[in-house]
Amino acid sequence: MPRTLSIARARITVALCLALFALALSLPAAAAPTFTILHTFSGVGADGAQPQGGLLQDIAGKIHGETQLGGLNGVGTDWVMSSSGSTFNTLYNFGATAIDGQAPTGGLRNLVGDAEVTGIDFGVAQSGGSFGLGTVFIADQLGNEITIHNFTGGTDGGVPVGRLLPWVDGSYYGTAADGGQYGYGTVFRIAGNGSFKVLHAFNLSDGANPLGGLQYGNDGNFYGSTVGGGKFNEGVVYKISPTGSFSVIYNFTGGTDGGGPQEALATDFHGNLYGTTSLGGTGRVGTIFRVNQWGSFTTLYTFPTASDGTNPKGSTPLASLTLSTIDCDRDLFTTPAQVRRLIWQRATGRAFTFGGSAPVVLYGSTTSGGNATNSGVIFSFNVSTKTYTILYAFSGSDGAVPDGKLLASFDGNLYGTTTAGGANGVGVVFKIGGVLSSAAPLRGTFQGIHRIH
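21 is the number of the first residue of the sequence shown in my numbering; add one for each residue after it.
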């Protein structure tokens, strides 16, 4: 397979975004959600197994994703499918060479410019590479893939598992779960040509083992979490600037506030950060929380104890939350046609302000609970009303263990994956309709400068 690809730098556009625009905000619909399996993985031949890392949707509506196992070499795939599930293609089989990356789990990022998809994806593999500790790679739509960094497990870190975050300087920012100067992981910056720099090395007292990627703040900083370390060794929420200025804004105690956050945070228009913990809370199986940029922390919801394995509300949330608003992450579009072609690929720091009010609805998943099969659920949580709603409970044959971030599409559907279950026991791609299709007006002043690479 060819090992070279042409990466054309997209044009840079600076635009004034939606001044005095009445933006339609997606809210949960009154109708019952509908569930559809779009693809069942087999792990046979070029088909992958155990998808993880969340999904990406390009402007043409195609869904991109990864599996951590399966494919021709048994160590993962990069795939694309139509939003209807009628077409599915494996683009790349990892492990094509002895030093190729393996087990891609971070999710993909697409290089986008001027509402045109370049067809170039950036991603990470948590193992493989020259040193067996993971890679950063670039892949195109023709099945070509190149490695631009091999993690050594030394000062650069090792085992990258979080999704990369693009920035206005053309670089991508990410985390490595292990390695670094102190052995507890790193935050790094990498350019498309492979130029690599460590911005921070975790030292246990300021956090340990970041399992999720970074998220934009509206103050020009990035925000993230670690599963361990900090004052109580239960994890932290931290902020870091694009140049590496670092501070911890919250230390989890493992009590009612939770502990062990494992995924990237979500952010709303006002800069509030939302996330889940995998431990703690009054039920000891996780929480949903909100924290602002100054460390003011609120536990929004505590998952009930699932001692019998049949918790009807779900337990152990391990995936990132998805918001019902447009965030700078571009993982979420609004549903109305007049704004569906807006691409929020890169933020410029203090780029967006909103002079109004926005109800925030979070969408997420738990890896267990829901019913007697203990296969996990998809849920919504209205922050204003504190209402937790089960949208779908898995039964095993339709999938199990949904631990990838949900994709809220501009077509009004939620898309996601499970790492287990389905007809072959190795996961499915699914769609949930009737959730984002109802829109309520969001009125206020929304303005800012947005740069697209």
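Each residue gets a CB set at the ideal place from its N, CA and C atoms; glycine is no exception.
Buried or exposed (CB count within 10 angstroms, at least 16 for buried), residue i
i	result
HIS220	buried
VAL132	Confidence is the limiting factor: at VAL132 the pLDDT is only 42, short of 50, which leaves the residue's position unreliable and the question unanswerable from this model.
SER265	exposed
GLY91	buried
LYS451	buried
ALA118	exposed
ASN109	exposed
LEU162	exposed
SER429	buried
ALA52	exposed
SER404	exposed
THR54	exposed
THR342	buried
LEU456	buried
THR407	exposed
Proximity below 9 Å, CB of residue i to CB of residue j
i	j	result
PRO180	ALA159	no
THR204	ASN223	Contrary to the premise, residue 204 reads as Tyr rather than Thr in this sequence. Yes, they are a contact pair.
SER417	GLY447	no
LEU153	GLY199	yes
ASP73	GLY424	The sequence given here has Gly at residue 73, not Asp. Yes. Within cutoff.
LEU285	GLN235	yes
THR336	SER298	yes
LEU75	ASP141	no
ASP239	GLY291	yes
SER194	GLY233	Here the sequence assigns Gly to residue 194, which means Ser is not the residue at that position. Going by C-beta atoms, GLY194 is nearer than 9 Å to GLY233.
GLY85	VAL64	no
SER102	GLY81	yes
ILE398	GLY445	no
THR287	GLY237	yes
Cβ-based neighbour list, residue i, same chain, cut-off 6 Å, excluding 5 preceding and 5 following
i	result
ASP226	VAL268
VAL207	THR195, LEU219, HIS220, ILE260
ASN433	LYS451, GLY453
GLY211	Note on identity: in this sequence residue 211 is Ala, with Gly being the wrong assignment. If we look at ALA211 and ignore the five residues flanking it on each side, its Cβ neighbours are SER191.
THR56	LYS451
GLY68	PHE61, THR87, GLY90, GLY91, THR97
ASN312	ASN292
VAL359	Unreliable placement is indicated for VAL359, whose pLDDT of 31 sits below 50; the coordinate value is still reported in the next sentence. Closer than 6 Å at Cβ, skipping near neighbours: no residue.
PHE317	TYR270, VAL311
SER340	GLU283, ALA284, LYS425
PHE216	HIS169, ILE210
Own chain, CB closer than 8 Å to residue i, minus 5 neighbours either side, in chain order
i	result
ALA189	It should be pointed out that residue 189 corresponds to Asp in this sequence rather than to Ala. These residues qualify, in order along the chain: PRO262.
GLY148	VAL95, PHE114, GLY115, ILE119, ASP120, GLY121, GLN122, ALA123, GLY154, THR155
HIS59	MET101, GLY105, PHE108, VAL448, VAL449
TYR202	ALA221, PHE222, ASN223, LEU224
ALA66	GLY91, LEU92, THR97, THR110, ASN113
GLY300	GLU254, PHE272, THR273, GLY274, GLY275, THR276, ASP277, GLY278, GLY279, GLY280, GLY306, THR307
Distance between beta carbons of residue j and residue i, contact taken as under 8 Å
i	j	result
THR107	GLY96	Incorrect: roughly 21 Å between the Cβ atoms, too far for contact.
VAL218	THR175	6 Å
GLY126	VAL144	4 Å
GLY306	THR296	6 Å
THR276	THR319	6 Å
THR438	GLY419	3 Å
ILE260	ASN229	In fact, because the Cβ distance is near 16 Å, the residues do not count as touching under 8 Å.
GLU254	LEU338	Incorrect: roughly 16 Å between the Cβ atoms, too far for contact.
LEU382	PHE401	4 Å
VAL257	LEU293	7 Å
PRO186	ARG129	6 Å
Cβ neighbours of residue i in the same chain (closer than 7 Å, five flanking residues each side left out)
i	result
PHE151	ASN170, PHE171, THR172, GLY173
GLY396	GLY334, SER385, THR386, THR387, SER388, GLY389, GLY390, PHE414, ALA420, VAL421, PRO422
PHE252	ASN271, PHE272, THR273, GLY274
LEU411	PRO53, ILE398, PHE399, SER400, ILE452, VAL455
LEU111	ASP98, TRP99, VAL100, ALA159, GLN161, GLY163
GLN146	ALA123, THR125, GLY154, VAL179, PRO180, VAL181
ILE27	The predicted model places ILE27 with a pLDDT of 36, which falls under 50 and marks its position as unreliable, so this point remains unresolved.
Cβ of residue i within 9 Å of any chain B Cβ
i	result
TYR192	Among the chains in the structure shown there is no chain B, since it carries only a single protein chain.
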